[in-house]
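Asks: Chains as they are written, first to last, in our numbering: chain A, 64 to 615; chain B, 5 to 322; chain C, 0 to 353. No residue lacks a Cβ here, since even glycine has one placed at the ideal position from N, Cα and C.
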Amino acid sequence: MNKPQSKSVLLEIRGLKIDGYSDETWVPIIKGVDLTLRRGEVLGLIGESGAGKSTIGAAAMGYARDGTRISEGSIEFDGMELTTATSAEKRALRGSRIAYVAQSAAASFNPAHKLIDQHTEAPLHYRIKKRMEAQEDAMELYERLRLPSPREIGFRYPHQVSGGQLQRAMTAMAMSCRPDLIIFDEPTTALDVTTQIEVLAAVRDIVDQFNTAAIYITHDLAVVAQMADAIKVLLKGEEVEHAPTEKMLDAPEEEYTKSLWAVRSFKRPQKSRPEDDSKPVISVQGVDAAYTGGAKVLDDVSFDIYPGMTVAVVGESGSGKSTAARVITGLLPPMKGEVLCRGAALPPRYQDRTREQLRQAQMIYQMADTALNPKSRISDIIGRPAQFYSGLKGPMLKQRVDELLDLIELDPANFYNRFPPELSGGQKQRIGIARALAAEPEFIICDEVTSALDQLVAEGILKLLDRLQRELGLAYMFITHDLATVRSIADEVVVMQNGRVVEQGAKEEMFTPPHHPYTDLLLSSVPEMDPNWLTTLLEERGVDNIGEAARV
Amino acid sequence: MRDILGLVAKRLGLGLVTLLVVSVLIFFAVELLPGDIAQAVLGQMATEETLARLREELGLGRPAIVRYFDWLAGAVTGDFGTSLIDGEPVTAKITDRFVSTLFLAAYAAVIAVPFAITLGIIVALLRNSIFDRVANVVTLTSISSPEFFLGYILILYLAVKWSMFPAIASISSGMTLLELLERTFLPALTLVLVVTAHMMRMTRAAIINLLASPYIEMARLKGAPPWKVIVKHALPNAWAPIINVVALNLAYLVTGVVLVEVVFVYPGIGQLLVDAVAKRDFPIVQACCLIFAATFILLNLAADVGAILTNPRLRHPK
Amino acid sequence: MSMFVIGYYAALIAASCIAAYFQNRQAFMLLFSLTLVSFVLGIVGGVPALQGVTIFAGILALAAGTSYAFREFLIQVSRPAIAKELRTAPLTAAFGMFVIFTYAIAGIFAPWIAPFGQSEVIASAFEPPNEDMLLGADQLGRDMFSRIVYGARNSVGLALLATILAFVIGALAGLYSAVKGGWLDQLSGRVADVIMSVPSLIFALLMLSIFGTYLWVIVVVVAIIYSPRVFRLTRAVAGNVVVMDYVEAAKLRGEGDWHLIRKEILPNSTAPLIAEFGLEFCFVFLLIAGLSFLGLGIQPPTADWGSMVRENATLISFGDITPLIPAAAIALLTVAVNFVVDWMLFRSSGLKEQ
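#1: Would LEU323/C pass as an interface residue toward chain B - the criterion being a Cβ-Cβ separation below 7 angstroms?
#2: For my contact list, ILE81/C and VAL339/C are in at a C-beta cut-off of 8 angstroms; report their separation, rounded to the angstrom.
#3: Just the Cα atoms here: how many angstroms apart are TYR428/A and VAL309/B?
#4: Check whether the segment 507–523 of chain A touches the segment 532–550 of chain A, counting contact only when three or more Cβ pairs, one atom from each stretch, lie closer than 8 angstroms.
#5: From VAL142/B to VAL198/B, what distance separates their C-alpha atoms?
#6: Just list the residues that DSSP pairs GLY83/A with in beta bridges.
#7: Can the beta-carbon of LEU184/B be found less than 7 angstroms from the beta-carbon of ILE175/B?
#8: Taking the straight line between their C-alpha atoms, what separation do you get for ASP351/A and PRO211/A?
#9: How long is the line joining the alpha carbons of GLY130/A and THR118/A, rounded to whole angstroms?
#10: In this structure, what does DSSP give as the bridge partners for VAL564/A?
#11: Tell me whether TRP215/C is buried or exposed, calling it buried when 16 or more other Cβ atoms sit within 10 Å of its Cβ.
#12: Following the continuous alpha helix (DSSP H) through PRO110/C, name the residue where it begins and the one where it ends.
#13: Counting only C-beta atoms, is LEU435/A closer than 7 angstroms to chain C at any point?
#14: Where does ASP362/A sit, in a helix, a strand or coil, going by DSSP?
#15: Quickly, what does DSSP pair ASP142/C with across the bridge? List them, please.
#16: For a test of the three-state rule: what should DSSP assign to ILE76/A, helix, strand or coil?
#17: 7 angstroms is my cut-off, CB to CB: does LEU11/B come that close to chain A?
#18: Under 7 angstroms between beta-carbons, which chain B residues line up against ALA326/C? List them in chain order, please.
#19: Considering Cα atoms alone, identify which of LEU297/A, GLY300/A, VAL287/A is closest to SER312/A.
#20: So which residues of chain A does ARG66/B contact, with C-beta pairs closer than 8 angstroms?
#21: Between the segment 555–569 of chain A and the segment 580–588 of chain A, are three or more C-beta pairs nearer than 8 angstroms?
#22: How long is the line joining the alpha carbons of GLY110/A and ALA293/A, rounded to whole angstroms?
#23: So the candidates are LEU183/C, GLY64/C, ALA18/C, VAL240/C; which of them puts its Cα closest to the Cα of ALA434/A?
#24: From the DSSP output, in three-state form, read off TYR7/C for me.
#25: Assuming ARG288/C contacts ILE223/C under a Cβ cut-off of 8 angstroms, what Cβ separation, rounded to an integer in Å, is found between them?
#26: What does ASP341/C reach in chain A if we use C-beta pairs closer than 7 angstroms?
#27: Counting beta carbon pairs with one atom in the segment 98–115 of chain B and one in the segment 0–15 of chain C, are three or more of them shorter than 8 angstroms?
#28: Contact criterion: CB-CB distance below 7 angstroms. Does HIS305/A meet it with respect to chain B?
#29: Do ALA431/A and VAL556/A come within 7 angstroms of each other at the CB atom, strictly closer than that value?
#30: Identify the residues that DSSP records as bridge partners of ASP280/A: which are they?
#31: How close, in whole Å, do the beta carbons of GLN420/A and LEU409/A come, if the pair is a contact with beta carbons under 8 angstroms?
#32: Out of curiosity, what's the CA-to-CA distance linking ILE201/C and LEU293/C?
#33: Keeping to the same chain, check which residues put their C-beta closer than 6 angstroms to that of THR301/C; ignore five residues upstream and five downstream.
#34: Of all the residues that make up the segment 231–244 of chain B, which are near chain A by a beta-carbon distance shorter than 7 angstroms?
#35: Would you give the residue range spanned by the alpha helix (DSSP H) that TYR245/C belongs to?
#36: Pull out every residue of the segment 164–180 of chain B whose Cβ sits closer than 9 angstroms to any Cβ of chain A, in chain order.
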């Protein structure tokens, strides 16, 4: 992977500053970044949300998105200064010499044209190839990227092709003019882990084969470790550290980088089910469910959650894990089967449940932005359940809210009167937790609570949840697709696929072979920090089998 | 393809049902009349005798539901009954005037539609420039003005002060097309001004909405020049909203035409309706309302069918 | 060539040059294209056309100045949070607010502002303006200016009443449909579809022909005609809010519908609803003006702008602008409201769309 450093420089960015327009003024979002990229080299740009990775990626093409402007610095691509180039000159580079692969292929392909017509647009526009040649070439690229039926797939429309395949088709499209540089802007973020592998493998192969230079933008360290020769870490528009991949992983220098690397280290001992004959807080028994007029989403799902324990429900999108939560809360009445709370059956519809029953099960949501009413004060958000269930008023209520804020480690004096939009993502998630606690429940459903957060913040939330569980004896149903989270806090694991429970049991058992084939696929697909992980995995699975292995 | 046909058929069926419901509404609204039609026509001073005779004549003795189906059956075959005022058949009164109204609306549409869509696309391309802002102010002003305001301004300048066009759009059957076009130029222009502004704004909004899509950014990053981004990447996806804009505005023309006909004393169906309302000649009011509503529903239907037919996702199902 | 024409072109060209020198590309393009257009205009229309342009530019500058000053005034007297919003208002929006403010004053204080009563006959028919009568007399010899002032009270008041009624009906139905869903939602959606499938003016004419042209009939009929628009918008906005997790959380807590509407949904739907209120007012106002113009709205002798246009329409053939004055009063208010709404919509949609 490591190529000699003596190759000629392709892209050179010096002192780049970019402003973004917000609140009627221009504020700097990139504050002086340098970057050097040689031919055939792959540079990983990583950082948390708001670090400016994507903006730099666009700037490398001389492109400033609406609402941003390049205010200072130079961007030199193969001897041409892009900051002063005319728009026609810059346009002539795009698609032919610099290509772009976007995060969401489904949204970035034009729904009105066939894939192959979009593929051949740039080569035809630049008169590099004739139509027939360009189409032949597209089919060849599709084949190299291991797309199924490469000679026909191009003649489909984007909505007729699956997400992982579209992402590969987009990589093929970027290759259509054999550019010198490709910008990959989080190309696998929207995909499931098992689909991610095929795209990663395809991207790496094609970049290697054509010796194309690339900038790979992502927030996932393990992914970038597979792809890049060198890594640049960004924080709030500034460079933190830049080093070759191996060195960066083994011996990061800066504190911030080290903390990023250390995130995945949080782990707590596994608890086991209570010895006495206490009943599970929540017991899901033989539940079938479907949305109105749709196919079955849950098929004979059963699992138990005992007091004080964390049960992680794992699966990819569409596996039915969130639907299971909707059945438990009563938002979606099951077609068959029932949900028991402490051995007593709950009414299927939440409208028919008593306040006491509703109080028992609380929820914490994935998107803290949509989970809190932006027009309510924090004191009202947390105070309302306490008032509603326990009838607290006046000073008693205020005291309870203060207690809850203390519990989630936020200073009451500082947050009591504020509104959610003024808070950071992590703080909002904490308020969401406090709202759930205010009902004094025994059981909390955590729906992907950490997946929208940056890693450091997510770790804080996990630690908080763990502490609360110990102090208050809560039971958690932890819905997630992230196996690292499962490793760190689960006691038991339920693996779901296509609406069925594939496997369940104590965590330690689940993480030691032998596994159910699907569990195995899931586990092995989670990228690891080892730069050789992908290579090894592909060898194990057999190269030709990656795409299809994911479909088992 | 079967999906599309299914959707279109479903939409057509829905349109038909709506039309039926509207016909019920139009017919039974008159039944809500305090007293009854005979009373309303003859007024408080009428004697019992004359009232009874008129009731007999109108068949008011029969239940409303029966009269509704009679009326509907008549309407479908082009017979809307007779006028309460002069006893002439309604259909004869309406036919010529309806044709005149359609002529005026079509005249306006033929000028306004291509003009507005082209301007809308240009303004979308030049968005946020000073021309865009000027266009925004001008179109807003135009859609905010009542039709009669624009109409009288045009009369004042183009007819009275500069004597370029006739102020009163009187037409007769013997005129050549050119004469007709000249006589009806001012009412058509009034409609064009109002409708163009509406259509331009909506076209601009539809296109700008699309320009925010990731696939447009992708097209730009593939090196497509601005005109190609619009023509090749935005436009094929913009047909549905644009067709919608056009249909909506043609439907708007149907309403606007009433006021404009009054301003320019144009012998269309709108004038007839206004007169009939003033004289409480219900068969004519009902017939006109049904015709206007049917046109309106038909245009909305056309928009929806157009949107279905141009949707690539529906045209090429999985 | 008169001094005026020389001065006219000199001013335009100088302004163009200044704009070019300060690299204000847009101002330059505008000024210089105006110069070029003026050449054509000057040749075709002669000096009067150029004078027209000058007067128009003068009026525009005056309006811009007033708007600027009015915006500053509003910023000074408002609370900081509102002042911050106001600072983003373009001049057009400030102009709109100024006009609305003026109309409100005229409407509220009509009896004190108007020199004569609205049905007081004080002169002979169509008497030209003199120092007693700012705008002359109408077809019965009543003071035009007084009637315009009273019209601000009658026409606008009636439209406002109808708008509020339409809004209450539409918004309540929309909010309840969004929260309840199910058959109630379906039913109100279908009813709205049917009402909207009849052109509004036609619907109004039908109803007025049946129930007669009483004020309450106009208000109720117009409210019914336009409430489906409010319903659809509210339903859509509230529909977007209802799917938010915080509403789900409140539902699962066991909160009642009214709490959901009042505390969770309404506070998060106000911005588009306020803008819609403005738009709705424009529609209602124009519809009622149209009805009045057709003689089916507010009945004489009450002063009403739509009817005033109709009553004085014959004057137009003599080149008299009197009937245009009430029509302009209608247009000006609608433009003003639209300017403000345009700004509000721009604010609430964020800068993304642009």
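Replies: Reading from the atomic positions:
#1: Within the third sequence, the letter at position 324 stands for residue 323/C. Judged by the 7 angstroms Cβ criterion, LEU323/C is in contact with chain B.
#2: The residue given as residue 81/C occupies position 82 in the third sequence. The residue given as residue 339/C occupies position 340 in the third sequence. Incorrect: roughly 14 angstroms between the Cβ atoms, too far for contact.
#3: The sequence position of residue 428/A within the first sequence is 365, counting from 1. The sequence position of residue 309/B within the second sequence is 305, counting from 1. Each residue's Cα considered, the two are about 40 angstroms apart.
#4: yes
#5: The residue you call residue 142/B lines up with position 138 of the second sequence. The residue you call residue 198/B lines up with position 194 of the second sequence. Approximately 11 angstroms, taken between the alpha carbons.
#6: Taking the first sequence and counting its residues from 1, one reaches residue 83/A at position 20. Partner(s): VAL90/A, THR131/A.
#7: As a position in the second sequence, residue 184/B is number 180, starting the count at 1. As a position in the second sequence, residue 175/B is number 171, starting the count at 1. A contact, by the Cβ cut-off of 7 angstroms.
#8: Taking the first residue of the first sequence as 1, we reach residue 351/A at position 288. Taking the first residue of the first sequence as 1, we reach residue 211/A at position 148. The straight-line gap from Cα to Cα measures roughly 34 angstroms.
#9: Taking the first residue of the first sequence as position 1, residue 130/A is located at position 67. Taking the first residue of the first sequence as position 1, residue 118/A is located at position 55. The straight-line gap from Cα to Cα measures roughly 11 angstroms.
#10: Within the first sequence, the letter at position 501 stands for residue 564/A. Bridge partners of VAL564/A: MET559/A.
#11: Taking the first residue of the third sequence as 1, we reach residue 215/C at position 216. Exposed, by the Cβ-count rule.
#12: Walking along the third sequence from the start, residue 110/C turns up at place 111. 109–112 is the span of the alpha helix (DSSP H), which, as asked, contains PRO110/C.
#13: Position 372 of the first sequence, counted from the first residue, corresponds to residue 435/A. Chain C, which has a Cβ nearer than 7 angstroms to the Cβ of LEU435/A, makes this yes.
#14: The residue labelled residue 362/A in the question sits at position 299 within the first sequence. Looking at ASP362/A - three-state DSSP - the assignment turns out to be strand.
#15: Numbered from its first residue, the third sequence carries residue 142/C at position 143. For ASP142/C, which the question treats as bridged, DSSP gives the partners ALA136/C.
#16: Locating residue 76/A in the first sequence gives position 13, where the first residue counts as 1. In the structure shown, ILE76/A sits in a strand (DSSP, three-state: E or B).
#17: On the second sequence, position 7 is the one that residue 11/B refers to. Taking Cβ atoms only, chain A never reaches closer than 7 angstroms to LEU11/B, which makes this a no.
#18: Taking the third sequence and counting its residues from 1, one reaches residue 326/C at position 327. What ALA326/C touches in chain B: PRO150, PHE152, PHE153, TYR156.
#19: Numbered from its first residue, the first sequence carries residue 312/A at position 249. Correcting the residue type first, residue 312/A is Leu in the shown sequence and not Ser. The option with the nearest alpha carbon to LEU312/A is VAL287/A.
#20: Here residue 66/B refers to the residue found at position 62 when the second sequence is read from its first residue. Per Cβ cutoff of 8 angstroms: no residues; ARG66/B is ~45 angstroms from chain A at best.
#21: yes
#22: Sequence index remark: in the first sequence, residue 110/A carries index 47 (1-based). Sequence index remark: in the first sequence, residue 293/A carries index 230 (1-based). Rounded to the nearest angstrom, the two C-alpha atoms are 14 angstroms apart.
#23: Reading the first sequence from its first residue, position 371 is the one you call residue 434/A. For ALA434/A, the nearest C-alpha among the options comes from VAL240/C.
#24: Taking the third sequence and counting its residues from 1, one reaches residue 7/C at position 8. DSSP places TYR7/C in helix when its eight states are reduced to three.
#25: Taking the first residue of the third sequence as 1, we reach residue 288/C at position 289. Taking the first residue of the third sequence as 1, we reach residue 223/C at position 224. One detail in the question is off: residue 288/C reads as Ala in this sequence, not Arg. The pair is not a contact, with the Cβ atoms about 18 angstroms apart (cut-off 8 angstroms).
#26: Position 342 of the third sequence, counting from 1, holds the residue named residue 341/C. Chain A residues near ASP341/C: none, gap ~18 angstroms exceeds 7 angstroms.
#27: no
#28: As a first step, residue 305/A must be located in the first sequence, where it is residue number 242. For HIS305/A, the answer is no, since every Cβ of chain B falls outside 7 angstroms of its Cβ.
#29: Against the first sequence, residue 556/A aligns to sequence position 493. Against the first sequence, residue 431/A aligns to sequence position 368. No, they are not a contact pair.
#30: For the purposes of this step, residue 280/A is identified with residue 217 of the first sequence, where counting begins at 1. Per the sequence presented here, residue 280/A reads as Ile, with Asp not at that position. According to DSSP, ILE280/A bridges with LEU108/A, ASP248/A.
#31: To locate residue 420/A, count along the first sequence from 1; it is residue 357. To locate residue 409/A, count along the first sequence from 1; it is residue 346. Between LEU409/A and GLN420/A the Cβ distance is about 6 angstroms, and since that is below 8 angstroms, they are a contact.
#32: In the third sequence, counting from the first residue as 1, residue 201/C sits at position 202. In the third sequence, counting from the first residue as 1, residue 293/C sits at position 294. Whole-angstrom Cα-Cα distance: 12 angstroms.
#33: Stepping through the third sequence from its first residue, residue 301/C is reached at position 302. Once the five neighbours on either side are set aside, the close Cβ partners of THR301/C are ASN153.
#34: HIS237, PRO240, ASN241
#35: On the third sequence, residue 245/C is found 246 positions in, with the first residue counted as 1. Its alpha helix (DSSP H) spans residues 244–252.
#36: none
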